[in-house]
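This report concerns only the one structure given below.
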Ligand SMILES: C[S@@+](CC[C@H](N)C(=O)[O-])C[C@H]1O[C@@H](n2cnc3c(N)ncnc32)[C@H](O)[C@@H]1O
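Below, the structure written as structure tokens:
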């Protein structure tokens, strides 16, 4: 297995409009959220802190060191409602079918698409989400950086919709998420 996946160690969390992301997630008490390609868990920890202890955040990344770091951060905070696991989310998200209420994929889908894993991760998201479940995708605006990846591999809103909708989703809304990002919310039919 690849020890250093594409974009390992990078995080958009410090630059994103967190209010916009939290409002798009709209995580309710008792819900289960999957943070896919979580890195060292900046989003996962903040989301877990913002919700009640009855909600669960499961973080997955292929980057072993990142997941180890996240596990240490979870222990250090005593954050009982987050867990972290190494997984190649383009192949298998290690959760049961229709078990998640919300999936978040923050500034990672363009990388997975680049690595020919876009269809794989979207199939897995569709499998893991409950009917009516939400998918929130945070992506870089298709403009020149920095920060972020080259413009040619960024996903424009229309490209994102073309990728996601055939997997059994309808689009709910798109919003800005700070200077460099936008987010789209999809709902599983
Ligand atoms: C730009 S980082 C975003 C991390 C995180 N979402 C954040 O912004 O804080 C992209 C992440 O995708 C992960 N990644 C790349 N390929 C992956 C795969 N096939 N399965 C799971 N994670 C993957 C990398 O290890 C990296 O942590």
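In the working numbering, the protein residues as written are 14 to 202. Ideal placement from N, C-alpha and C gives every residue a C-beta, glycine not left out.
If residue 141 and residue 47 are in contact, beta carbons under 8 angstroms, what's the gap, nearest whole angstrom?
At roughly 6 angstroms, the Cβ-Cβ gap stays under 8 angstroms, so residue 141 and residue 47 are in contact.
Any beta carbon of chain C sitting closer than 8 angstroms to that of residue 193?
Of the chains in the structure shown, none is chain C; there is only one protein chain.
Residue 159 (DSSP reduced to helix, strand or coil):
DSSP, reduced to helix, strand and coil, places residue 159 outside both helices and strands of the structure shown, so it counts as coil.
Does DSSP put residue 190 in a helix, a strand or coil?
Under the three-state reduction of DSSP output, residue 190 falls in the coil class, being neither helix nor strand.
Looking only at C-alpha atoms, which of 159, 61, 173, 155 sits nearest to residue 149?
The shortest C-alpha separation from residue 149 is found at 173.
Expected contact under 8 angstroms - CB spacing of residue 11 and residue 33 to nearest Å:
Residue 11 lies beyond the stretch modelled for the chain, which goes from 14 to 202, so this question has no answer here.
For residue 97 and residue 118, I'd like the C-alpha separation in whole angstroms.
Answer to the nearest angstrom: the Cα atoms are 15 angstroms apart.
Proximity to residue 35 [Cα-Cα], best of 24, 57, 18:
Nearest option by C-alpha distance: 57.
Short Cβ contact (8 angstroms threshold) for residue 152 with residue 168
Contact: yes.
Straight-line CA distance for residue 14 to residue 100?
Low per-residue confidence applies at residue 14: pLDDT is 44, beneath 50, and the placement is therefore not dependable, though the value from the model is reported in the following sentence. The straight-line gap from Cα to Cα measures roughly 10 angstroms.
Once you ignore the five residues that flank residue 143 on each side, which residues in its own chain have a CB closer than 8 angstroms to its CB?
Contacts found: 111, 112, 113, 114, 201.
If we count the other Cβ atoms within 10 Å of its Cβ and call it buried at 16 or more, is residue 68 buried or exposed?
Buried, by the Cβ-count rule.
May I have the straight-line CA-CA distance separating residue 154 from residue 194, to the nearest angstrom?
If I take the Cα positions, the gap works out to 5 angstroms.
Is it buried or exposed for residue 30, if we count other Cβ within 10 angstroms and need 16 for buried?
Residue 30 should be labelled buried.
Name the DSSP beta bridge partners of residue 197, please?
According to DSSP, residue 197 bridges with 150, 187.
Indicate, with yes or no, if ligand 1 has a heavy atom lying under 7 angstroms from the CB of residue 193.
Outside the cutoff, so no.
So residue 198 and residue 147 are supposed to be a Cβ contact under 8 angstroms. How far apart are they, rounded?
Yes, they are in contact, since the Cβ atoms of residue 198 and residue 147 sit about 6 angstroms apart, within 8 angstroms.
Can you give me the C-alpha to C-alpha distance between residue 103 and residue 131, rounded to a whole angstrom?
Each residue's CA atom was taken as its position, placing residue 103 and residue 131 some 7 angstroms apart.
Give me whichever residues DSSP pairs with residue 48 in a beta bridge.
BP columns for residue 48 point to 72, 117.
I'd like to know whether the C-beta atoms of residue 38 and residue 60 end up nearer to each other than 8 angstroms.
Yes, Cβ-Cβ distance for residue 38 and residue 60 is below 8 angstroms.
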